[in-house]
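Q: Each residue of the sequence shown is one higher than the one before, starting from 1 at the first, in UniProt numbering. Even for Gly, the Cβ is constructed at its ideal location relative to N, Cα and C. Please find one structure pasted underneath; my questions will follow.
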Amino acid sequence: MISKCYINCEIILDFNSLLFSILKKQNPDLNLNLNDVQENPKKYLETQELLLQNLCILKPQIGAIETLQFLESQNIQPIIYSEYTQILQQHFPYLKWQEFTDQDKNVIVIDPRLDFCEQLLKKQIQVVLFKNYKLKDKDYWNQILQNKQILFAESWETFPWQDFKFVTQPIFSPDQFKVNECENAATKYWNTYLKLNPIEFTSQIIHGRNRGGTMLGIPTANLLISEEIQQQTKNLLPGVYAGITYLENVKYGGVLSIGYNPYFLDTPQTIEVHLYGEFQEDFYGANLRLIITHFLRPESDFRTFDHLIKAISNDKIIGRKLVC
Ligand code: RBF
Ligand code: MG
Numbered sequence: 001m002i003s004k005c006y007i008n009c010e011i012i013l014d015f016n017s018l019l020f021s022i023l024k025k026q027n028p029d030l031n032l033n034l035n036d037v038q039e040n041p042k043k044y045l046e047t048q049e050l051l052l053q054n055l056c057i058l059k060p061q062i063g064a065i066e067t068l069q070f071l072e073s074q075n076i077q078p079i080i081y082s083e084y085t086q087i088l089q090q091h092f093p094y095l096k097w098q099e100f101t102d103q104d105k106n107v108i109v110i111d112p113r114l115d116f117c118e119q120l121l122k123k124q125i126q127v128v129l130f131k132n133y134k135l136k137d138k139d140y141w142n143q144i145l146q147n148k149q150i151l152f153a154e155s156w157e158t159f160p161w162q163d164f165k166f167v168t169q170p171i172f173s174p175d176q177f178k179v180n181e182c183e184n185a186a187t188k189y190w191n192t193y194l195k196l197n198p199i200e201f202t203s204q205i206i207h208g209r210n211r212g213g214t215m216l217g218i219p220t221a222n223l224l225i226s227e228e229i230q231q232q233t234k235n236l237l238p239g240v241y242a243g244i245t246y247l248e249n250v251k252y253g254g255v256l257s258i259g260y261n262p263y264f265l266d267t268p269q270t271i272e273v274h275l276y277g278e279f280q281e282d283f284y285g286a287n288l289r290l291i292i293t294h295f296l297r298p299e300s301d302f303r304t305f306d307h308l309i310k311a312i313s314n315d316k317i318i319g320r321k322l323v324c
């Protein structure tokens, strides 16, 4: 009977987004996308210093916490492992940390690394290859493993949980992933931020790509990035921030993204502010004064559009508490 599930930290915490943000900050012209980093994080790990400094800001992957709770409800203990356990466990006391040893046979291991999974399989350990990003190696795996116990998963929701003996019914129906149900997770697990020395500038509201309001339901004011503003923001990690704004002398709290929008693969940098207020007009051409006060998280890629929206909804909840 299986009673433990060892899970690689990367699957629970959005580690690679931070790495990506750090790399882009160090070299904005670097022709790199989040997939490259996810494929081979080791290759980019010389930036350890900055990574360690910013660990406190890592947020859970969308859906991960719900899964941990589900496992516990099935009497399966989820145990998180990482090369950085020593450092990470201080920041994430709500997770149970322990190094994985292959002594334990009656366990499931969930890991995104092919070579690691392969080794475990040779030792008859049940493995889930949780390749969040690309499943291009599936055929390869099927060939060499044939009837061995391996399962592939693309995301928590599509993972075939019911194939495990301990599961009595599938855990995720699409309804369970409704965007507005994130309040609990947001307040409990997403509630981390860094206070900044305020960064202040004024910029003109320009036309964006018209995605914010229409597609995402989260209207944003896109700001013109002058040479001067570029200088002022160059020390910020691409990510999500909160701050105070003044629009036509009226004060509003705001939550904003500064970065390259990896979900949409936008390459040029954008600064987009969502204002906590109700607006009828678009304010194109108006000036917005912005004082950035908090860093919430690095920008991230997501498996699905719903996950992007859920993350931004979480940001809005946290930001509102900080600046309204
Ligand atoms: N885009 C991303 O690709 N990844 C993100 O993590 C992300 N986070 C955002 C957080 C906030 C608070 C806001 C306002 C936007 C964020 N965006 C992100 C940008 C979003 O994709 C963009 O606003 C829309 O595409 C409209 O251009
Ligand atoms: Mg916009």
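#1: With a threshold of 16 other CB atoms inside 10 Å of the CB of THR270, please say whether the residue is buried or exposed.
#2: Hey, CYS9 and LEU88 are a contact pair by Cβ (cut 8 angstroms); roughly how many whole angstroms apart?
#3: Can you give me the C-alpha to C-alpha distance between ASP317 and THR187, rounded to a whole angstrom?
#4: Name the residue from GLU46, TRP190 and ALA242 whose alpha carbon lies nearest to the alpha carbon of residue 329.
#5: In the structure shown, what three-state DSSP assignment does ASN314 receive?
#6: State the beta-bridge partners of PRO78 as determined by DSSP.
#7: Taking all protein chains shown into account, do 16 or more other C-beta atoms lie within 10 angstroms of the C-beta of LYS42, making it buried, or fewer, making it exposed?
#8: Kindly provide the ranges of any alpha helix (DSSP H) runs that are 4 or more residues long and lie completely inside the UniProt domain "Riboflavin kinase" (194-324), ordered along the chain.
#9: Leaving out five residues on either side along the sequence, give the residues of the same chain with a beta carbon under 8 angstroms from the beta carbon of GLU99.
#10: Quick check: the Cα distance between LYS234 and GLU281, rounded to an integer number of angstroms?
#11: Counting only runs of 3+ residues fully inside the segment 33-117, write out the beta strand (DSSP E) ranges in chain order.
#12: Alpha carbon to alpha carbon, how far is ASP102 from GLY213?
#13: Does at least one heavy atom of ligand 1 sit under 8 angstroms from the Cβ of LYS316?
#14: I'd like to check one pair, ILE12 with LEU50: are the Cβ atoms closer than 9 angstroms?
#15: Count the other CB atoms within 10 Å of the CB of PHE305; is the residue buried (16 or more) or exposed (fewer)?
#16: Note down, in chain order, each residue of its chain lying with its Cβ closer than 7 angstroms to the Cβ of GLN232, except the 5 sequence neighbours on either side.
#17: Report the residue from LEU58, TYR6 and ILE2 whose alpha carbon sits nearest the alpha carbon of PHE15.
#18: Closest to LEU265 by C-alpha separation, out of LYS4, ASN27 and LEU32, would be which residue?
#19: To the nearest angstrom, how far is the alpha carbon of ILE258 from that of ILE225?
#20: In angstroms, rounded to a whole number, what distance separates the CA positions of GLY239 and GLU66?
#21: Relative to the C-alpha of PRO268, which residue among GLU118, GLN230, LYS123 and THR245 is closest?
#22: Measuring from each Cβ to the nearest heavy atom of ligand 2, keep the ones under 6 angstroms and list them in chain order.
#23: Based on the DSSP output, what are the partners of GLN119 in its beta bridges?
#24: Drop a sphere of 10 angstroms on the beta-carbon of LEU45, count the other beta-carbons inside from all chains shown, and report buried for 16 or more, exposed for fewer.
#25: Quick one, are the C-beta atoms of TYR252 and TYR284 less than 9 angstroms apart?
#26: Which of helix, strand or coil does DSSP assign to GLN169?
#27: Using the Cβ count rule (16 or more neighbours within 10 Å means buried), how would you classify PHE279?
#28: CB ASN261 to CB GLN204, shorter than 9 angstroms?
#29: Rank GLU227, GLU272, ILE76 and GLN38 by C-alpha distance to the C-alpha of PRO112 and give the top, closest one.
A: For this structure:
#1: buried
#2: 7 angstroms
#3: For clarity, residue 317 is Ile in the given sequence; the question names Asp instead. Each residue's alpha carbon lies about 8 angstroms from the other.
#4: The requested residue 329 does not occur in the structure, where the chain is confined to residues 1 to 324.
#5: helix
#6: CYS5
#7: exposed
#8: 227-233 and 305-323
#9: TYR81 and THR85
#10: 31 angstroms
#11: 77-81 and 107-111
#12: 50 angstroms
#13: yes
#14: no
#15: exposed
#16: ILE199 and PHE201
#17: LEU58
#18: LEU32
#19: 10 angstroms
#20: 24 angstroms
#21: GLN230
#22: GLY208, GLY212, THR220, ASN222 and GLU272
#23: In DSSP, GLN119 forms no bridge with anything.
#24: exposed
#25: no
#26: Per-residue confidence for GLN169 stands at a pLDDT of 37, beneath the threshold of 50, marking its modelled position as unreliable; the derived number appears in the next sentence. Coil.
#27: exposed
#28: no
#29: GLN38
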